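Heads up, the thing below is written out as structure tokens.
Residue numbers (our numbering), protein chains in the order written: chain A, 2 to 299; chain B, 1057 to 1403.
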């Protein structure tokens, strides 16, 4: 995902337009996007201005009450947005702090070792995400492996309540999304030109200064790509908050799902979904803006 | 490609098609398309029916009534048999979504326990036949909780703070509060919701886990000692360890009845009725109960249970239990209930 794109041939003027062959090759992709992204999003957008119907999905009309409800501070939905953003933000920060050193080490290791380490990063993907989450639950539970070990070693006398707490949610989120941070950063570190570092040292920079002024700026595209890949999906993540957090506080994903199923209010659910989508767009825009043009995803 | 090879390819493809299509059209088996809850109809029952009648049975699953309704509303899907809960039957009958059953094709109806037939949602069983019933009640880990637990009032007390699991279902939660107040659970209005909110404002902060899919997990990993959960989950817990007792709350409890029904547009109505008759057979119904130990609605199947099986509290509600089924509620009541619980959790 972080591999460098081949340099674009320098085309100018009308030459830049794709010919019919290019469109033909793009057609499956365009049709796919149209059918499964554009059309559903458009339906969602239309629904979000309708009223809930009896016996059918929505009653067609035009109302902005659902959006008013989301942004009304007395309704509490802003708080739910804030909470989901908070969890996503904390997860992203922790993933950078944990993932950067790992990615840096892998990127600077010898080639044989590097490949072995990369396989290790990807091994968890061979198992279903839900099974890995259940595994974490059995580690963190009151009568789980961690508490068993700590009590056996007489470090604690009463089991520690870890599962079904915000702490467990953060562990679950960081664990699930860490590889998405490591891989793009690794991509930038691997491309790092050693001579630039040597030049920094020759010019009198210490290791800290060289890292700050040379390494970080050069690997920034990887950090930003990783941050987006972690932040965006973790805003809407709900399985982990339900399973490891015990569903004690409402998160965006669950609230949206409830509107469609339990509360029988698809229009409000659609409005929440569209608002979330705009948030994603904002996150992508902020992330993309700070990078050199033409290399948005690292 | 040269012309001769091109021709040869065409012929080969055509022969392939003919071979594939011919036998299929000559002896096409009739097929029954079932859309049912996951973990509710044993595979052995499906296979048994398919073999006995020489038909093909296709099964698709859903995880909630609303998911099933949404799929039927979207159209396109053709099912012959669905498995809705009672309040959904009511809604579907109102909207003309169900075929009327030909009860003459279902002689085994006589096996059903009259306690579960001719209920308010379908007073003549014109559209639906009960499949299985269940209750929502209290599971107690009797090794950890020594005080007697008889109702909601004994569960939601400070002493058990963060040792409680409840279903993640707003309508359920609100109905418990209404039961504890002695208010009707099917007549939702602003006043009764206001009172329920005061009760839940005290109850919900004590809850550690909200889980409708597998509340037994929190019991099994030792994270909770008490819970208000489905009776089926309680049966599984009891089978694993006798320390998990099941109590029907004295304030009143929710009885749910899941049913078999034929959606409008079914192409194999008679076959679907045959399936309903098949599962109402005492032995088949007993096999279903053995695998999914909710409450059997089949009086003849109950006669096949042994003493131990009759002792499982969650599968055998006492005669005098205060049980009530959910009725359909208007959309805005559903929205208010969702809002109430979301607000309390959002504190």
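Cβ atoms here follow ideal geometry from the backbone N, Cα and C, with glycine treated the same way.
Remember, it's a predicted structure, so these values are computed and weren't measured experimentally.
- Look at the beta carbons and you see the stretch 234-251 of chain A not touching the stretch 1361-1381 of chain B: under three pairs across the two are nearer than 8 Å.
- A contact is defined here as three or more CB-CB pairs under 8 Å, and the stretch 1177-1191 of chain B fails this definition with respect to the stretch 1206-1218 of chain B.
- Of all residues in the stretch 241-265 of chain A, those with a C-beta nearer than 7 Å to a C-beta of chain B are 247, 248, 249, 250, 251, 256, 259, 262, 263, 264 and 265, reading in chain order.
- Ranking A:96, A:29, A:42 and A:92 by CA distance to the CA of residue 278 of chain A puts A:42 first.
- Residue 1123 of chain B reaches chain A at 262, counting residues in chain order whose Cβ is nearer than 8 Å.
- Following the DSSP letters along the chain, one finds residue 96 of chain A inside the alpha helix (DSSP H) bounded by residues 78-109.
- Here residue 1218 of chain B is near residue 1264 of chain B, since their CB atoms are less than 8 Å apart.
- In this structure, residue 1168 of chain B places its C-beta atom within 8 Å of the C-beta atom of residue 1354 of chain B.
- Residue 92 of chain A and residue 188 of chain A have their alpha carbons spaced roughly 21 Å apart.
- If you check the CB distance, residue 160 of chain A and residue 227 of chain A do not come in under 8 Å.
- Under the DSSP assignment, residue 67 of chain A falls in the alpha helix (DSSP H) whose first and last residues are 66-72.
- For residue 1342 of chain B, the three-state secondary structure derived from DSSP is helix.
- Residue 1095 of chain B places its beta carbon less than 8 Å from that of residue 1348 of chain B.
- Identification of chain A residues near residue 1278 of chain B by a Cβ-Cβ cut-off of 9 Å yields 142, 143, 144, 145, 148 and 160, ordered along the chain.
- Counting only Cβ-Cβ distances below 7 Å, residue 1226 of chain B has contacts in chain A at 263, in chain order.
- Nearest to residue 212 of chain A by C-alpha distance, out of A:193, A:280, A:230 and A:229, is A:193.
- As summarised for the stretch 146-207 of chain A, the continuous alpha helix (DSSP H) elements at least 4 residues long and confined to that stretch are 146-153, 167-192 and 195-203, given in chain order.
- Neighbours of residue 1267 of chain B across chain A, judged by C-beta separation under 9 Å: 243, 244, 247 and 248.
- Within the DSSP secondary-structure output, residue 1112 of chain B pairs in a beta bridge with B:1087.
- The Cβ of residue 1120 of chain B sits closer than 8 Å to at least one Cβ of chain A.
- A straight-line Cα-Cα distance of about 13 Å links residue 1175 of chain B and residue 1384 of chain B.
- Counted as a single uninterrupted DSSP element, the alpha helix (DSSP H) harbouring residue 1330 of chain B occupies residues 1325-1335.
- Among the CB atoms of chain A, one or more fall inside 8 Å of the CB of residue 1390 of chain B.
- Excluding sequence positions up to five before and after residue 1119 of chain B, its CB lies within less than 8 Å of the CB of 1093, 1094 and 1269, all in the same chain and listed in chain order.
- The beta carbons of residue 45 of chain A and residue 271 of chain A sit about 5 Å from each other, so the pair counts as a contact at 8 Å.
- The distance from the Cβ of residue 1285 of chain B to that of residue 1195 of chain B is about 6 Å, consistent with a contact at the 8 Å cut-off.
- In its chain, beyond the 5 residues on either side, 122 have a beta carbon closer than 6 Å to the beta carbon of residue 180 of chain A.
- For residue 1207 of chain B, the secondary structure class from DSSP, reduced to helix, strand or coil, is coil.
- For a cut-off of 8 Å, the C-beta gap from residue 100 of chain A to residue 183 of chain A is around 5 Å, short enough to register as a contact.
- Contact holds between the stretch 1233-1243 of chain B and the stretch 1251-1261 of chain B, because three or more Cβ pairs, one in each stretch, are under 8 Å apart.
- With fewer than 16 other Cβ atoms inside 10 Å of its own Cβ, residue 158 of chain A counts as exposed.
- Our two residues, residue 1141 of chain B and residue 255 of chain A, have alpha carbons roughly 23 Å apart in a direct line.
- The beta carbon of residue 1172 of chain B lies closer than 8 Å to those of 1186, 1189, 1313 and 1353 in the same chain, with the five residues before and after it left out.
- For residue 52 of chain A, the secondary structure class from DSSP, reduced to helix, strand or coil, is strand.
- Around residue 1129 of chain B, the beta-carbon contacts reaching into chain A at under 7 Å are 57 and 58.
- Residue nearest to residue 89 of chain A within the set A:201, A:199, A:202 and A:178 is A:178 (criterion: CA-CA distance).
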